[in-house]
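Chains as they are written, first to last, in full-length UniProt numbering: chain A, 1 to 103; chain B, 1 to 317; chain C, 1 to 505; chain D, 1 to 479; chain E, 1 to 144.
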């Protein structure tokens with residue numbers, strides 16, 4: 001099974017996922033979904049890194065991916081903790097309801 | 001063409017055997033428990049009650065296909081299949097004997113870990129979709145137990161990976177030609193076994209079901225073949241963990257005189273019996289005891305084990 | 001060293017006043033008074049010492065200078081120098097400074113320490129501006145005088161003080177920053193031309209600038225000075241600031257800060273950009289004339305005494321602008337005279353306004369009247385300075401305006417004619433002051449005390465100086481002469497004389 | 001890693017070790033006071049390790065780090081601001097309900113992250129530094145979890161920072177795909193012979209700019225700033241405003257200089273637009289605020305715009321101007337937030353302008369420090385801000401960016417207005433109420449005041465006699 | 001799939017096996033759907049709660065402890081990734097790698113000790129805490 005997946009296709013997929021993530025962050029009002037969308041974006045970049053790494057035959061892309069993974073995990077940990085607090089305080093996860101501060 | 005046929009045959013036989021074994025294990029367990037508890041166990045249908053398995057299966061098929069109206073329907077149906085599928089898929093990487101395996105992945109061990117972590121979805125989704133308090137509690141406990149032991153399971157195997165230098169299970173088996181890893185990695189073996197029991201939420205670690213407090217926990221609301229699926233998943237899980245223990249720590253198919261596949265089956269059988277023995281002899285710990293045991297004892301030991309293994313291996317050259 | 005001393009005296013005096021204010025309310029004013037007096041004394045002694053030199057030999061332009069590296073990497077030096085023009089303005093600075101301290105003697109009752117700190121630092125900034133020969137340093141002092149002034153207006157001013165302070169600060173700061181940009185532009189053009197990056201005034205003087213760029217750079221300088229002076233479209237901050245500031249603030253604003261604008265034009269705009277200056281001479285003179293008329297007309301229509309005086313400043317400064325761009329010695333001498341006499345006469349009027357306000361608690365002229373009978377001494381002095389403001393012969397303003405008109409006449413006939421008509425307006429508004437405040441029926445103001453001893457001292461000093469300048473202006477003219485001669489030489493289209501530090505002793 | 005590597009990375013290692021050490025101190029259940037003092041000492045030790053490594057510069061730790069003068073300078077700045085924030089934290093957090101101990105661990109980690117960025121010359125180290133910094137900041141911002149604002153600010157920052165990280169990463173991936181390397185110098189080699197910018201590279205750079213723009217809070221990526229500044233605890237806000245931005249600026253400068261991004265006109269145009277928009281929008285938005293934290297937030301947007309003005313010419317002078325301005329900006333911002341922190345009370349921060357009424361007559365020292373900081377932010381002579389702005393103007397004019405210089409000058413005039421308003425408030429009002437209650441923690445109050453006074457002295461010193469520092473920063477060579 | 005499967009077996013049996021597994025499971029589920037009986041009992045539309053009537057929703061708020069476990073899992077599992085990589089390249093890395101992983105594992109220990117000390121690893125109910133909360137409850141005076 002020789003690899004028949006071209007770099008363009010992978011990058012396209014990554015780009016697609018990334019755009020999907022952006023759309024999610026912008027359209028969604030629920031914080032959890034926004035966080036999910038951000039995770040999709042992060043993973044899309046990770047995918048792009050892996051593709052680029054394999055394109056050049058270097059492990060760097062995968063190294064980066066692992067770091068991205070670790071960072072995303074840390075981010076989700078804190079994000080969910082904050083979301084718990086927000087739900088506790090506001091009884092809602094609607095980002096539009098978080099307008100205590102005037103600007 | 002011959003090759004293709006061989007593989008197809010192997011796949012079909014494997015699937016058939018596995019499903020049969022899963023069913024047959026129920027009989028085995030009941031007989032063994034009876035033996036140790038000094039009673040008969042199933043002994044009416046067929047010789048030694050062997051046919052009770054067929055009877056049970058038929059019964060399950062004809063049971064009502066009940067989906068509670070308050071449940072989340074789709075998830076409720078999908079949940080039990082996940083665990084069965086995950087366990088069945090895990091078997092592809094197990095080298096039963098030279099040439100008898102479906103996929104010799106170079107990331108075999110990781111594949112196993114990945115599949116075993118999928119099992120947790122079954123419990124969480126099943127418990128949550130049931131919309132029942134017992135189920136939810138069971139699901140939560142199950143989830144925290146399984147993901148915790150997931151960590152230790154991975155760590156306990158790393159010593160073996162260091163010694164064999166590969167994730168591929170055939171390599172690991174071949175690396176035990178001279179000496180089984182159970183000798184060099186006794187701690188790893190014990191930890192893996194414990195984590196394996198916890199992962200399959202078998203007794204004594206069957207906290208997600210805990211019939212005495214949670215009345216079957218995450219599958220309280222399940223019945224019929226969907227319940228059967230959880231059941232199959234559990235017994236296949238026992239088989240899988242036993243097979244993995246054998247492959248990783250007890251030299252897999254390696255052994256003198258007898259054909260490799262027989263060695264493998266024999267060793268695996270021993271561990272299956274061990275599982276049943278554990279069920280018969282040990283009481284169930286509390287949830288908090290189990291978790292604290294995992295995080296406060298197993299995790300440090302696993303990490304230390306890695307460091308010590310590493311130091312020894314490097315000193316040896 | 002003397003030059004540094006002047007600034008150091010003021011600055012340390014300010015800091016000591018600030019600290020002393022913690023102990024006792026009246027310490028700071030004594031400290032301020034002493035610092036100013038010391039400074040004035042030093043300067044006057046120096047002037048007397050230099051008088052012969054100035055009189056005899058007009059070649060020796062720069063009297064004393066002090067130079068020290070500051071930020072060598074950018075070619076910034078701490079370079080102070082004084083010629084006749086600077087010297088006159090410096091003396092004026094300290095003189096007005098003393099008066100400012102005296103007239104806030106009783107007026108300021110709260111936070112005296114901080115008040116005198118600000119006052120002294122304004123004076124330090126102004127003094128620095130008059131001495132700085134490094135453009136960076138000049139800008140530095142230019143800004144230093146702003147902030148304390150802002151506080152002075154913003155904290156001790158009357159009702160609308162915050163608005164006035166803002167307006168003052170934003171106007172001057174914005175224009176100052178434009179000037180700073182122009183300075184930087186000049187710096188880089190000079191650096192690119194010669195490879196020497198420096199802010200030194202004397203080195204930058206000969207910079208060859210493409211004429212298009214030169215116009216922009218000159219506009220940068222010009223805007224800053226125009227706002228300070230103020231020239232008509234940029235004058236709107238002035239009535240507010242003068243109106244709301246405490247008496248000493250108005251005094252310093254009118255007496256010193258406006259002068260820095262004129263000084264900047266004389267010192268920087270013309271020598272640095274002589275060609276461009278010639279090009280814009282006529283429009284500038286026209287603006288000056290507009291200022292004269294406009295200021296006078298608006299002064300007439302004010303009912304607020306301080307605003308009225310403020311608008312007379314606009315009018316007087318119109319003369320200054322017109323005179324500067326006439327480019328001849330007579331007019332420039334007139335400009336210098338005007339700077340000095342305006343400081344004194346307008347300053348005196350502001351002080352009077354302050355005194356009246358202290359007594360009547362209003363600045364509205366409609367509520368005043370018949371004060372002469374109540375306070376004959378105040379009335380007399382008021383009369384004197386109203387006359388000074390309209391340019392009565394025998395008082396300093398007359399000499400100044402006469403010289404300017406004479407000089408401008410050489411340069412531009414019609415401008416002179418219109419500017420002269422401004423004198424009529426000034427007569428009108430000056431007489432209106434006298435008529436509305438001192439004469440006419442009493443407005444039921446009740447009993448008000450006449451001058452106290454302190455006020456008498458202030459007024460005597462001012463009156464003596466204005467009369468002296470009107471009768472014997474020669475010392476001032478002599479002192480300013482060398483600088484002016486140089487300037488005029490520089491402006492001759494075919495001159496190759498460089499305006500530089502020829503024989504500094 | 002050889003011994004020399006350890007030697008050169010000493011400050012970073014010390015910071016990392018410090019965070020673990022503080023964690024162990026927490027385990028030992030030591031009091032807040034001891035932890036505060038310990039972390040103060042640890043900060044000082046890490047800071048002084050810079051002196052220790054001074055002789056071995058520049059040093060490359062291939063492929064991730066390069067520790068040169070500029071890097072060491074930035075590390076010094078960042079650690080210093082960490083130190084100041086640390087000092088300010090005791091009074092601020094001791095009064096609060098939440099246990100303040102973990103705060104110090106996070107502070108060390110964030111400082112470490114910023115430092116890592118400042119010396120990185122590789123995408124991986126850039127990313128690691130950035131994430132150590134931001135992940136720590138998420139927790140720090142939401143540290144006072146009982147306050148709604150805090151959590152709100154935390155989640156806003158989290159979503160947007162993660163969002164921008166994703167942009168940054170995707171941009172990096174594209175650049176990596178184009179050049180085949182993630183090290184700056186190799187990347188530069190790959191681009192050396194390219195005169196027109198490759199489209200993939202351009203897109204990547206654009207995405208990276210979006211990401212960096214978010215972190216730096218420049219317009220149009222500034223919308224989080226005010227809310228986060230307002231919601232976060234004051235010392236944390238000070239940290240965000242200084243250290244976190246300093247690290248990003250440093251690495252961005254290094255990156256652009258390495259790949260010589262200034263030769264691509266489109267890119268420079270983009271940067272110019274961002275700079276102009278930041279200066280104008282930041283200052284305009286600050287005008288109508290009455291909350292000092294928000295004022296400082298918008299002012300920081302404008303200041304980053306100013307910084308970009310120094311950055312854009314890309315000349316040899318640019319790193320110097322950036323370094324100097326950062327120094328001035330750090331000292332100033334820390335002093336300003338320091339006063340806010342010192343004045344804050346248990347229930348609420350001293351953020352409303354009305355709280356500052358007549359401050360000068362109550363706390364003349366604090367008021368003077370705050371005034372000098374605000375004047376420096378406004379760029380008035382005699383303060384560091386003025387010298388910094390002068391440096392920036394000189395840099396941009398030297399390369400002929402007149403438009404930027406004019407916008408800078410114009411927007412500083414707008415800026416003056418709101419800085420002056422704060423100062424006016426402080427000096428207005430009369431000292432007619434009761435004396436302030438006695439300070440609760442006299443020792444730490446004194447330490448804070450001393451540190452803030454030092455900052456004020458630095459501000460004035462940089463304004464009056466900046467030559468030492470200028471000749472120091474002039475040694476920086478990034479190429 | 002090539003990278004996944006460098007030697008040994010071809011990739012297609014894996015795919016076939018996977019498909020077969022899913023087919024089998026679908027078959028079992030659907031068979032039971034067709035074969036199973038139907039009925040509607042009195043209480044069959046109620047969740048089972050040991051025979052008593054349903055009390056409240058099953059969507060309860062549960063202890064943050066579970067969340068903590070999840071976070072600990074996420075963090076430690078990610079860190080295991082780094083250990084896994086080290087284990088794989090163990091011999092190539094040699095002693096320097098060993099030292100690095102020692103530091104890494106040391107950090108993990110530090111974190112573990114920290115979590116232990118702040119009570120994140122106490123899963124059971126804390127008797128003292130409960131007692132304290134109990135004492136705070138406003139009880140009615142039994143005498144009245």
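Even for Gly, the Cβ is constructed at its ideal location relative to N, Cα and C. For clarity, every value in this text was computed on a predicted model and none was experimentally measured.
In the DSSP secondary-structure assignment, residue 62 of chain C is bridged to C:83.
The CB of residue 265 of chain B never comes closer than 8 Å to any CB in chain E; the least such distance is about 20 Å. Note that the C-beta distance between residue 105 of chain D and residue 117 of chain E is not below 8 Å. Proximity of chain D to residue 9 of chain C at the Cβ level (cut-off 9 Å) is not reached, the minimal Cβ distance being about 18 Å. Here the alpha carbons of residue 32 of chain B and residue 188 of chain B stand approximately 28 Å from one another. Annotated three-state conformation of residue 236 of chain C is coil, per DSSP. Taking residue 249 of chain B as reference, the option from B:256, B:184, B:262, B:205 with the minimal CA-CA separation is B:184. Assigned with DSSP and collapsed to three states, residue 41 of chain B falls in coil, not helix or strand.
Within chain A, the C-beta atoms nearer than 8 Å to that of residue 135 of chain D come from 71, 74, 75, 78, in chain order.
Here residue 128 of chain B carries a helix assignment [DSSP, helix/strand/coil]. Judged by DSSP in its simplified three-state form, residue 218 of chain D adopts coil rather than helix or strand.
Taking a C-beta distance under 8 Å as the contact criterion, residue 152 of chain C and residue 28 of chain C do not qualify as a contact pair. Among the CB atoms of chain E, one or more fall inside 8 Å of the CB of residue 23 of chain D. Burial check for residue 214 of chain C: the Cβ neighbour count within 10 Å reaches 16 or more, so the residue is buried. At a cut-off of 8 Å between beta-carbon atoms, residue 64 of chain B makes contact with chain E. About 7 Å separates the beta carbon of residue 20 of chain D from that of residue 107 of chain E, a gap short enough to meet the 8 Å contact definition. Excluding residues up to 5 positions away in sequence, 93, 96, 126 lie with their Cβ nearer than 6 Å to the Cβ of residue 256 of chain C in the same chain.
Taking a C-beta cut-off of 8 Å against chain A, the contacting residues of the stretch 118-131 of chain D are 123, 124, 127, 128, 131, listed in chain order.
The beta carbon of residue 6 of chain C is closer than 6 Å to those of 39, 127 in its chain, skipping five residues each way along the sequence.
Shown here, residue 272 of chain D sits in a helix according to DSSP, grouped into three states. The CB of residue 424 of chain D comes closer than 9 Å to the CB of 150, 151, 154, 155, 162, 165, 166 in chain C, given here in chain order. Around the C-beta of residue 59 of chain B, fewer than 16 other C-beta atoms lie within 10 Å, and the residue is accordingly described as exposed. Apart from sequence neighbours up to five positions away, the residues of its chain that approach residue 18 of chain A with a beta-carbon distance below 6 Å are 41, 44, ordered along the chain. Counted as a single uninterrupted DSSP element, the beta strand (DSSP E) harbouring residue 60 of chain D occupies residues 59-61. In this structure, the alpha-carbon of residue 332 of chain D lies about 40 Å from that of residue 79 of chain E. Segment contact: the stretch 19-34 of chain B against the stretch 57-65 of chain A, fewer than three CB-CB distances shorter than 8 Å; contact not assigned.
Annotation note: the stretch 67-114 of chain C contains the following uninterrupted beta strand (DSSP E) runs of length 3 or greater, listed N- to C-terminal: 76-83. Proximity of chain D to residue 185 of chain C at the Cβ level (cut-off 9 Å) is accounted for by 397, 402, 405, in chain order.
With distances taken between CA atoms, residue 160 of chain B lies nearest to E:88 out of E:121, E:101, E:21, E:88. DSSP places residue 170 of chain D in the helix class (H, G or I) of the three-state scheme.
Counting along the chain, residue 65 of chain D sits inside no alpha helix (DSSP H); it lies in the beta strand (DSSP E) bounded by residues 65-67. Each of C:306, C:286, C:192, C:226 was checked against the Cα of residue 239 of chain C, and the nearest Cα belongs to C:306.
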